[in-house]
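Asks: Handing you a structure now.
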Amino acid sequence: MAENDKDSSQPLSSSVPSLDTKSFRAEVADTLGMVSHISAIVLTGYVIYLAWPFPNLFSWHPVLMTLAFAFLMTEAILFFSPESSLVPKAQRPTKVNYHVATMIAAIVCGFSGFTIIYINKNNSNKDHFTSWHGTFGLIVVCYMCVQATGGVITRYPKLLASKLKPAKLKLYHATSGLFLFILVCATFVLALFSNWFVTNSSDLGWYICLMVIALLSLMVMNQVTTEYVPRAFKKPSQQY
């Protein structure tokens with residue numbers, strides 16, 4: 005009788021296999037990471053398709069801006085993602101080098117696109133920054149300069165004689181970068197309503213571009229919040 009009571013007190017093992025939640029989440033993250041890379045390429049390719057064969061100076065503006073911010077900047081940020089990085093097995097210093105090189109390319113393309121639209125406005129005798137898209141674009145370019153400066157200080161903290169530790173600088177740089185990317189996505193959404201895009205794009209292409217922009221913003225937001233924010237609440241010895 006005692007043996008029966010002892011057996012009945014033990015939990016019954018289920019014959020149904022349990023779902024490995026962590027493994028499932030990792031697979032979902034890997035899938036979304038691959039989708040984000042493809043989405044960045046698709047958005048850039050679609051804008052190139054709309055601008056082809058580049059009949060005027062203006063047609064280079066959307067191409068260079070999309071290449072800079074939708075593709076290069078996204079890839080530069082995702083280098084640090086454990087799920088979405090194109091070089092997941094690389095050491096962090098190597099990822100930093102890839103990030104810097106890609107961001108330099110993004111800055112060059114961004115400034116080129118900004119210069120082209122500025123010259124095009126002058127040639128057409130039109131006022132500058134009269135639309136929300138143009139205003140946000142100016143803010144993005146200016147903020148990009150600030151962010152790049154912060155990136156240099158983060159990589160070479162001795163340049164700034166302060167008591168801020170490298171871990172804190174990385175956190176501030178990543179958080180500021182997230183804010184910059186949100187501004188970038190807002191500028192892209194405003195660009196969807198521009199005369200050039202509405203005239204050249206189909207309705208289906210318009211909605212696909214909108215979904216791609218939303219996906220990229222969510223992926224970058226997830227990357228920064230999961231990679232850096234939790235570390236901000238750890239002890240200094242546990243950070244990075």
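Per the numbering used here, the very first residue in the sequence shown carries number 5; after that it's consecutive.
Every residue, glycine too, gets a C-beta built ideally from N, C-alpha and C.
Applying the criterion that 16 or more other CB atoms from any shown protein chain within 10 Å of the CB defines a buried residue, is residue 27 buried or exposed?
Replies: For the purposes of this step, residue 27 is taken as residue 23 along the sequence shown, with counting starting at 1. With fewer than 16 Cβ atoms within 10 Å of its Cβ, residue 27 is classed as exposed.
Asks: Do you know how far the Cα of residue 97 is from the Cα of residue 43?
Replies: Position 39 of the sequence shown holds residue 43. Position 93 of the sequence shown holds residue 97. Cα-Cα distance, rounded: 27 Å.
Asks: I'd like the list of long-range same chain contacts for residue 173, defined as Cβ closer than 7 Å, with 5 residues on each side in sequence excluded.
Replies: As a working mapping, residue 173 is identified with position 169 in the sequence shown. Excluding residues within five positions, the ones whose Cβ falls inside 7 Å are 157, 158, 161.
Asks: Would you identify the three-state DSSP class for residue 41, choosing helix, strand or coil?
Replies: For the purposes of this step, residue 41 is taken as the residue at position 37 of the sequence shown. Of the three classes helix, strand and coil, the one that applies to residue 41 here is helix, per DSSP.
Asks: Just curious, the alpha helix (DSSP H) that residue 72 is in, first and last residue?
Replies: Mapped onto the sequence shown, residue 72 falls at position 68. Neither: residue 72 is in no alpha helix (DSSP H) and is coded neither H nor E.
Asks: What are the uninterrupted segments assigned as alpha helix (DSSP H) that are 4 or more residues long and contained completely in the region 141-217, given in chain order?
Replies: With a minimum length of 4 residues, the continuous alpha helix (DSSP H) runs that stay inside the region 141-217 are 170-195, 199-204.
Asks: Which residue comes first and which comes last in the alpha helix (DSSP H) that contains residue 58?
Replies: Position 54 of the sequence shown, counted from the first residue, corresponds to residue 58. It is not in any alpha helix (DSSP H) - residue 58 carries neither H nor E in the DSSP assignment.
Asks: Put residue 228 into one of helix, strand or coil per three-state DSSP.
Replies: In the sequence shown, residue 228 corresponds to position 224, counting from 1. Helix at residue 228.
Asks: Hey, would you say residue 223 sits closer than 8 Å to residue 88, going by beta carbons?
Replies: For the purposes of this step, residue 223 is identified with residue 219 of the sequence shown, where counting begins at 1. For the purposes of this step, residue 88 is identified with residue 84 of the sequence shown, where counting begins at 1. Yes. Within cutoff.
Asks: Span of the alpha helix (DSSP H) holding residue 118?
Replies: As a first step, residue 118 is located in the sequence shown; it is residue number 114 there, counting from the start. That run of the alpha helix (DSSP H) goes 96-127.
Asks: Note down the Cα distance separating residue 176 from residue 185, rounded to an integer number of angstroms.
Replies: Counting from 1 along the sequence shown, the entry for residue 176 is found at position 172. Counting from 1 along the sequence shown, the entry for residue 185 is found at position 181. Taking the straight line from one Cα to the other gives about 14 Å.
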